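In this note's numbering, the protein residues as written are 43 to 164.
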């Protein structure tokens, strides 16, 4: 995989990746994204800053855009990582306002999180 345009991704996702200057996939992305887009399970391991969020985020968002009634759940081991992953996914969703997201984490006010759930995130 030389670039993201060869993957038949939704235009909104390609546009967001372009805005993020994500033109060439990192090694972890090149290995995992095509597999995930085919519906295969992936298990990846790479150093910090190598594009792991994109490795699962790109196929996840492509699936949600292609399946409007679809849902996804991303679980992280820490609150900080949950917020970081959400920020990256929101960048990828900048041209897809129809996709709603929520971060539900311990230590945050429950009413605020219930409000997020009422918005019916995907």
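Using N, Cα and C, we set each Cβ at its ideal position, and we do this for glycine too. Source: prediction; values computed, not measured.
Whole-Å CB distance - residue i paired with residue j, under 8 Å assumed
| i | j | result |
| --- | --- | --- |
| residue 97 | residue 70 | 5 Å |
| residue 168 | residue 52 | Absent from the structure is residue 168, since the part of the chain shown begins at 43 and ends at 164. |
| residue 54 | residue 107 | 6 Å |
| residue 121 | residue 149 | 6 Å |
CB of residue i within 8 Å of CB of residue j, strictly
| i | j | result |
| --- | --- | --- |
| residue 142 | residue 162 | yes |
| residue 90 | residue 127 | no |
| residue 46 | residue 76 | no |
| residue 134 | residue 99 | yes |
| residue 58 | residue 137 | yes |
Check: residue i C-beta below 7 Å from any heavy atom of the ligand PLP
| i | result |
| --- | --- |
| residue 149 | The ligand PLP is not among the ligands present in this structure, which contains no ligands whatsoever. |
When the options are compared against residue i, the one with the closest alpha-carbon
| i | options | result |
| --- | --- | --- |
| residue 88 | 73, 49, 82, 80 | 73 |
Residue i (DSSP reduced to helix, strand or coil)
| i | result |
| --- | --- |
| residue 44 | coil |
| residue 114 | coil |
| residue 103 | helix |
| residue 122 | helix |
| residue 74 | helix |
| residue 25 | Any property of residue 25 remains undetermined from this structure, which presents the chain solely from 43 to 164. |
| residue 62 | coil |
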